[in-house]
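Using the working numbering, you'd call the opening residue of the sequence shown number 2 and step up by one each time.
Idealized CB from N, CA, C, for every residue including glycine.
Computed from a prediction, not measured in an experiment: that's the story for all the values here.
To keep things clear, I will list the structure first and then write my remarks on it.
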Amino acid sequence: MGILDGKVALITGAGSNVGREVARRFIVEGAQLVLCDRDTAPLQTLTMGGASVVVEERDLTAAAACEAMVTRAVDAFGRVDILCNTLGIDPPQALDLVRTSEADWDRILSVNLKAVFLSCRAVLPIMREARRGSIVSVASQGALLALPGMAAYGVSKAGVVQLMRQIAVDYGKEGIRANSVCPSGLELPSRDRLSVLAPEQMERRAETMRRVAPLGRVCTPSDVAEAMLFLASDASGFITGAAVPVEGGATSVLRF
Numbered sequence: 002m003g004i005l006d007g008k009v010a011l012i013t014g015a016g017s018n019v020g021r022e023v024a025r026r027f028i029v030e031g032a033q034l035v036l037c038d039r040d041t042a043p044l045q046t047l048t049m050g051g052a053s054v055v056v057e058e059r060d061l062t063a064a065a066a067c068e069a070m071v072t073r074a075v076d077a078f079g080r081v082d083i084l085c086n087t088l089g090i091d092p093p094q095a096l097d098l099v100r101t102s103e104a105d106w107d108r109i110l111s112v113n114l115k116a117v118f119l120s121c122r123a124v125l126p127i128m129r130e131a132r133r134g135s136i137v138s139v140a141s142q143g144a145l146l147a148l149p150g151m152a153a154y155g156v157s158k159a160g161v162v163q164l165m166r167q168i169a170v171d172y173g174k175e176g177i178r179a180n181s182v183c184p185s186g187l188e189l190p191s192r193d194r195l196s197v198l199a200p201e202q203m204e205r206r207a208e209t210m211r212r213v214a215p216l217g218r219v220c221t222p223s224d225v226a227e228a229m230l231f232l233a234s235d236a237s238g239f240i241t242g243a244a245v246p247v248e249g250g251a252t253s254v255l256r257f
């Protein structure tokens, strides 16, 4: 018996490395899933194992798309118990403020923050009617401290943390919890970064992350998925408004 037996979970950005791993873990734990991404091709390799799964291809930066996604979930399964937001972009050309174009700023904030807001807004009426629900969103270590040369990304992820706190405060008395996870850079970077990093740069990146984390290794999609599973499940029933670091202790250390 899984800890999500009987639960309906909606996962946005499900085609990402983290999104697919969250889907795999939730399937094992018995959830019924609605998987949404603007590119669903990566989901074709996901082993469903006979689970009840609906796949939706949508651009969630539009309110109508978010509302249609939630309607599809309710039509398929009757409710939504869990919303996991794993979507996000990190275009490498967006650096510090002076070197970030207005177009890149708008796009990053639209995907990383606005789409999370719209997804939450679309699902909240369903959760409020049921008087229960858990929302878990992927923020970043960059929401807890400033990452040099990543201004728009850091601001967007800090916004996700605050959005989860706001939902926790505004809807807690209706049985709705909202939390964020704040991972460090993953062993395999985002598609945006992967497209510009040479193999030697990838190794330097991994070595830096191993060195700064007290646990001495790089964050994996599984690390993030396990944290999201805990926060989505009833095991974390008295936790809300939290920003959980998933970074091997890196933000606890001041290095000189």
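- Check whether the Cβ atoms of Ala24 and Leu36 sit closer than 8 Å, and answer yes or no. The sequence position of residue 24 within the sequence shown is 23, counting from 1. The sequence position of residue 36 within the sequence shown is 35, counting from 1. Annotated as proximal: Ala24 and Leu36, with beta-carbon spacing under 8 Å.
- Between the Cα of Thr72 and those of Glu57, Thr62 and Arg133, spot the shortest distance and give me the residue it belongs to. In the sequence shown, residue 72 corresponds to position 71, counting from 1. A check of alpha carbon separations from Thr72 across Glu57, Thr62 and Arg133 identifies Glu57 as the nearest.
- Item | Reduced DSSP category for Gln94 - H, G, I as helix; E, B as strand; rest coil | Along the sequence shown, read from residue 1 onward, the residue named residue 94 stands at position 93. In the three-state scheme derived from DSSP, where H, G and I count as helix and E and B as strand, Gln94 is classed as coil.
- Note down, one range per segment and in chain order, each alpha helix (DSSP H) of at least 4 residues found wholly within the stretch 176-251. Runs found: 192-195, 200-213 and 222-233.
- Message: I want to see whether chain B comes within less than 8 Å of Val75, judged by CB atoms only; does it?
- Response: Absence of chain B from the displayed structure is noted, only one protein chain being present.
- With distances taken between CB atoms, is the gap from Ala32 to Ala95 smaller than 8 Å? Residue numbering aside, residue 32 sits at position 31 when the sequence shown is read from its first letter. Residue numbering aside, residue 95 sits at position 94 when the sequence shown is read from its first letter. With a cutoff of 8 Å on beta-carbon distance, Ala32 and Ala95 are scored as not near each other.
- Message: So Ile83 and Lys158 are supposed to be a Cβ contact under 8 Å. How far apart are they, rounded?
- Response: Reading the sequence shown from its first residue, position 82 is the one you call residue 83. Reading the sequence shown from its first residue, position 157 is the one you call residue 158. Not confirmed; about 21 Å, so no contact.
- Do you know offhand how far Gly242's Cα is from Gln163's? To locate residue 242, count along the sequence shown from 1; it is residue 241. To locate residue 163, count along the sequence shown from 1; it is residue 162. Distance between the alpha carbons of Gly242 and Gln163: 8 Å.
- Integer Cβ distance of Val161 from Val117, believed to fall under 8 Å: Locating residue 161 in the sequence shown gives position 160, where the first residue counts as 1. Locating residue 117 in the sequence shown gives position 116, where the first residue counts as 1. Sure, about 6 Å apart at Cβ, within 8 Å.
- Which one or two residues does DSSP pair with Asn86 in a beta bridge? Start at 1 with the first residue of the sequence shown, and residue 86 comes out as number 85. Beta-bridge pairing links Asn86 to Thr13 and Ser138.
- Ser223 and Glu22 closer than 8 Å at C-beta: In the sequence shown, residue 223 corresponds to position 222, counting from 1. In the sequence shown, residue 22 corresponds to position 21, counting from 1. Taking 8 Å as the Cβ cut-off, Ser223 and Glu22 qualify as a contacting pair.
- Query: Any idea which residues DSSP pairs Asp38 with across the strands?
  - Reply: Here residue 38 refers to the residue found at position 37 when the sequence shown is read from its first residue. DSSP lists Glu58 as the bridge partner or partners of Asp38.
- Task: Leaving aside the five residues before and after Met70 along the sequence, list all residues of the same chain whose C-beta is less than 6 Å from its C-beta, in chain order.
- Result: Locating residue 70 in the sequence shown gives position 69, counting from the first residue. Listed in chain order, the non-local C-beta contacts of Met70 below 6 Å within the same chain comprise Cys37, Glu57 and Arg59, local neighbours out to five positions each way being set aside.
- Item | Extent of the continuous alpha helix (DSSP H) run through Gly160 | Locating residue 160 in the sequence shown gives position 159, counting from the first residue. Here the alpha helix (DSSP H) through Gly160 covers Ala152 to Tyr172.
- Are there 16 or more other CB atoms within 10 angstroms of the CB of Val170, so buried, or fewer, so exposed? Locating residue 170 in the sequence shown gives position 169, counting from the first residue. Exposed, because fewer than 16 other Cβ atoms sit within 10 Å of the Cβ of Val170.
- Query: Just curious, the alpha helix (DSSP H) that Glu103 is in, first and last residue?
  - Reply: Position 102 of the sequence shown holds residue 103. Here the alpha helix (DSSP H) through Glu103 covers Glu103 to Leu110.
- Message: Output needed for Val54: all residues of its chain with C-beta closer than 7 Å, excluding positions within five of it in sequence on either side, in chain order.
- Response: Indexing the sequence shown from 1 puts residue 54 at position 53. Closer than 7 Å at the Cβ level, and outside the excluded window around Val54, lie Leu34 and Leu36.
- Task: Mark Leu216 as exposed unless 16 or more other C-beta atoms lie within 10 angstroms of its C-beta, in which case mark it buried.
- Result: Against the sequence shown, residue 216 aligns to sequence position 215. Flag for Leu216 reads exposed.
- Would you report the Cα separation of Thr252 and Val137, rounded to the nearest angstrom? Position 251 of the sequence shown, counting from 1, holds the residue named residue 252. Position 136 of the sequence shown, counting from 1, holds the residue named residue 137. Those two C-alpha atoms are separated by around 21 Å.
- Query: Excluding the five sequence neighbours on either side, which residues of its own chain have a C-beta within less than 7 Å of the C-beta of Ser234, listed in chain order?
  - Reply: One-based indexing of the sequence shown puts residue 234 at position 233. Cβ neighbours of Ser234 within its own chain (closer than 7 Å, five residues either side excluded): Ile4 and Leu5.
- Measure the alpha-carbon distance for Gln167 versus Ile177 and round it to whole angstroms. Counting from one through the sequence shown, the residue named residue 167 turns up at place 166. Counting from one through the sequence shown, the residue named residue 177 turns up at place 176. For Gln167 and Ile177, the distance between alpha carbons rounds to 12 Å.
- Item | Where the alpha helix (DSSP H) containing Glu68 begins and where it ends | Here residue 68 refers to the residue found at position 67 when the sequence shown is read from its first residue. Counting along the chain, the alpha helix (DSSP H) containing Glu68 begins and ends at Ala64 to Phe78.
- Is Met165 buried or exposed, if buried means 16 or more other CB atoms sit within 10 Å of its CB? Looking up residue 165 in the sequence shown gives position 164. So Met165 counts as buried.
- Endpoints, alpha helix (DSSP H) assigned at Asn18: Walking along the sequence shown from the start, residue 18 turns up at place 17. Counting along the chain, the unbroken alpha helix (DSSP H) around Asn18 starts and ends at Asn18 to Val29.
- Message: Check whether the stretch 108-115 and the stretch 77-91 touch, using three or more Cβ-Cβ pairs below 8 Å as the test.
- Response: Segment contact: the stretch 108-115 against the stretch 77-91, three or more CB-CB distances shorter than 8 Å; contact assigned.
- Buried/exposed call for Gly79, threshold 16 Cβ in 10 Å: On the sequence shown, position 78 is the one that residue 79 refers to. By the Cβ-count criterion, Gly79 is exposed, with fewer than 16 other Cβ atoms from all chains shown falling within 10 Å of its own Cβ.
- Phe118, enclosing alpha helix (DSSP H) - first and last residue: Translated into positions along the sequence shown, residue 118 becomes position 117. Start and end: Ala116 to Ala131.
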